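Going by full-length UniProt numbering, the sequence shown opens with residue 1, and the numbers climb by one from there. Inspection log for the structure reproduced underneath, given as structure tokens.
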Amino acid sequence: MNKVSLKVRQGEIFGFLGPNGAGKSTTIRMLCGIITPTAGTATVVGFDAEQEAEKIKQHIGYMSQRFSLYEDLTVEENIDFYSGIYRIPGSEKAARKAWVLEMAGLEEHRHSLTTVLSGGWRQRLALGCALLHKPPVIFLDEPTSGVDPISRRNFWDLIYQLAADKVTVFVTTHYMEEAEYCDRLAMIYRGELVAIGTPDELKSNYMQEEIINLECLNPYEALRVVEEIPEVKDASLFGRGLHIVGYDSQIMLPRIAAALTEQKIVYSNLIKIAPSLEDVFVSIIEAKDKQSGVSLGAKP
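Put into structure tokens, the structure is as follows:
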């Protein structure tokens, strides 16, 4: 990590966005007191990450990227085990367990072995166990990796509930659609913080180019034609069409239309659109790679 500096507010959902290998997990493990930073300082819930790592662990929840519960135990047994790990008083254990089962929707699975649960239900259980001691801050390291879209959406409903209860949520992800759900987010690339703000701020402040969406029956042939237009900075396949990047859509739109018509390429839609976070991130990392002399940027 290289001089990453940020401040997360109480009760917000803060996203940490970047491609695989960017340094997301390393950062989160330093903030959780799992590994010691070699330079700089970090404070989590009022405790120093280097000097008071054990105190931090007592006051946070942490859900690692890798599923870390015991598959040969039932849902209820896993909750009981982590109640002991967090030293929850005996008089409170039953109430905490009931809360986790209700919050995560696991009541009907309480006697099921963890190994038979789907990925989505496992993630809910892992989240519940990380919240047993009611921490004010929870760190989620790519919590929805490998689960289906419906389970991912349901998991984010739980995150919204936590934020509504004033729990601070620090979540790493490489899913651009998930980043849209965050109150604020930081974009990280090659160990450096390259942008920070709300999703709307990032789209407004870090995207100088304009985006044109093209839908057609033969996107590969259209891509070949569009790339030859001088005003087009970049073009890439996007679904059943193209996303075309340039600085002046008023100039690009008629020239793209003329070039496609000349080559007898039929298209159904050619309009300027608002940039997505993926567009913003790709633009930022391509600029960083160009600045550092790297020929090809890593895509998220």
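Beta carbons are placed, not taken as given, at the ideal position from N, Cα and C, and that holds for glycine. For clarity, every value in this text was computed on a predicted model and none was experimentally measured.
For the alpha helix (DSSP H) containing Gly84, list its first residue and its last residue.
-> Taking the first residue of the sequence shown as 1, we reach residue 84 at position 84. DSSP places Gly84 inside the alpha helix (DSSP H), whose first and last residues are 75-85.
Beta-ladder partner(s) of Arg184, from DSSP = By one-based count along the sequence shown, residue 184 stands at place 184. Among the bridge pairs identified by DSSP, Arg184 is matched with Phe14.
Taking one C-beta from the region 93-113 and one from the region 50-58 each time, how about it: are there three or more such pairs within less than 8 Å?
-> At 8 Å Cβ cutoff, the stretches do not touch.
Report yes if the CB atom of Ile265 is closer than 8 Å to the CB atom of Ile229, and no otherwise.
-> On the sequence shown, position 265 is the one that residue 265 refers to. On the sequence shown, position 229 is the one that residue 229 refers to. Not in contact: Ile265 and Ile229 (Cβ atoms no closer than 8 Å).
Of the residues Asp183, Asn213, Leu125, Gly23, the one placed nearest Ser268, counting alpha carbons only | Translated into positions along the sequence shown, residue 268 becomes position 268. The closest CA to that of Ser268, considering only Asp183, Asn213, Leu125, Gly23, is found on Asn213.
Which residues in the same chain have their Cβ closer than 7 Å to the Cβ of Lys166, if we skip the five residues on either side of it in sequence?
-> In the sequence shown, the residue the question calls residue 166 occupies position 166. Cβ within range, chain order: Gln10, Gly11.
Element boundaries [beta strand (DSSP E), containing Gly241] = Locating residue 241 in the sequence shown gives position 241, where the first residue counts as 1. Where Gly241 is concerned, the enclosing beta strand (DSSP E) starts and stops at 241-246.
Buried or exposed: where does Glu210 fall if 16 or more other Cβ atoms within 10 Å of its Cβ makes it buried?
-> The count along the sequence shown starts at 1 and reaches residue 210 at position 210. With 16 or more other Cβ atoms inside 10 Å of its own Cβ, Glu210 counts as buried.
Roughly how many angstroms lie between the CA atoms of Leu31 and Trp121, to the nearest whole one?
-> What you label residue 31 is simply residue 31 of the sequence shown in a count that begins at 1. What you label residue 121 is simply residue 121 of the sequence shown in a count that begins at 1. Going from the Cα of Leu31 to the Cα of Trp121 covers about 27 Å.
Give the single residue among Glu180, Tyr62, Asp248 whose Cα lies nearest to the Cα of His133.
-> As a position in the sequence shown, residue 133 is number 133, starting the count at 1. Proximity to His133 across Glu180, Tyr62, Asp248 peaks at Tyr62, based on C-alpha coordinates.
So, helix, strand or coil for Ala195, using DSSP?
-> Counted from its first residue, the sequence shown places residue 195 at position 195. DSSP places Ala195 in the strand class (E or B) of the three-state scheme.
Just the Cα atoms here: how many angstroms apart are Gly46 and Lys233?
-> Counting from one through the sequence shown, the residue named residue 46 turns up at place 46. Counting from one through the sequence shown, the residue named residue 233 turns up at place 233. Going by the C-alpha atoms only, they are around 47 Å apart.
State the start and end residues of the unbroken beta strand (DSSP E) segment that holds Asp234.
-> Position 234 of the sequence shown holds residue 234. Taken as a continuous stretch (DSSP letters only), the beta strand (DSSP E) holding Asp234 covers 232-238.
Mapping DSSP to helix, strand and coil, what is Asp48?
-> Your numbering for residue 48 matches position 48 in the sequence shown. Residue state, collapsed to three classes: strand.
Residue closest to Ser276, alpha-carbon to alpha-carbon, out of Met252, Thr27, Ser204 = One-based indexing of the sequence shown puts residue 276 at position 276. Answer by Cα proximity: Ser204.
Alpha carbon to alpha carbon, how far is Gly239 from Asn218?
-> What you label residue 239 is simply residue 239 of the sequence shown in a count that begins at 1. What you label residue 218 is simply residue 218 of the sequence shown in a count that begins at 1. Whole-angstrom Cα-Cα distance: 12 Å.
Chain-order list of residues whose beta-carbon lies under 8 Å from that of Met207 (same chain, five-residue window excluded) = Your numbering for residue 207 matches position 207 in the sequence shown. Result list for Met207: Pro275, Asp279, Val280, Ser283, in chain order.
Beta-bridge pairing of Val171 - partner residues as DSSP gives them = Reading the sequence shown from its first residue, position 171 is the one you call residue 171. In the DSSP output, where bridge partners are listed per residue, Val171 has Gly15, Leu140.
Pull up the distance between the alpha-carbon of Ala42 and that of Arg66, whole angstroms please.
-> Translated into positions along the sequence shown, residue 42 becomes position 42. Translated into positions along the sequence shown, residue 66 becomes position 66. Approximately 24 Å between the Cα atoms of the pair.
Run of the alpha helix (DSSP H) containing Asn213, from where it starts to where it stops = To locate residue 213, count along the sequence shown from 1; it is residue 213. Asn213 -> not in any alpha helix (DSSP H); beta strand (DSSP E) instead, spanning 210-216.
Secondary structure at Ser276, three-state DSSP: helix, strand or coil?
-> Taking the sequence shown and counting its residues from 1, one reaches residue 276 at position 276. Per DSSP, reduced to three states, the secondary structure at Ser276 is coil, with no helix or strand assignment.
Under 8 Å, do Gly15 and Thr198 count as touching if we go by C-beta distance?
-> Stepping through the sequence shown from its first residue, residue 15 is reached at position 15. Stepping through the sequence shown from its first residue, residue 198 is reached at position 198. Cβ distance not < 8 Å, so Gly15 and Thr198 don't count as in contact.
Reducing DSSP to helix, strand and coil, say where Met63 ends up.
-> Here residue 63 is taken as the residue at index 63 of the sequence shown, counted from 1. Collapsing the DSSP output to three states places Met63 in a strand.
Coil, strand or helix - Ser204 by DSSP | Here the question's residue 204 lines up with position 204 in the sequence shown. DSSP places Ser204 in helix when its eight states are reduced to three.
Buried or exposed: where does Phe168 fall if 16 or more other Cβ atoms within 10 Å of its Cβ makes it buried?
-> The residue labelled residue 168 in the question sits at position 168 within the sequence shown. Note on residue identity: the sequence assigns Thr, not Phe, to residue 168. Buried: at least 16 other Cβ atoms inside 10 Å.
Would you say Met1 and Thr36 are within 8 Å of each other, going by their C-beta atoms?
-> As a position in the sequence shown, residue 1 is number 1, starting the count at 1. As a position in the sequence shown, residue 36 is number 36, starting the count at 1. No; because the gap between Cβ atoms is not below 8 Å, this pair is not in contact.
Go ahead and label Pro89 buried or exposed: buried means 16 or more other beta carbons lie within 10 angstroms of its beta carbon, across all protein chains shown.
-> As a working mapping, residue 89 is identified with position 89 in the sequence shown. Its Cβ having fewer than 16 others within 10 Å, Pro89 is exposed.
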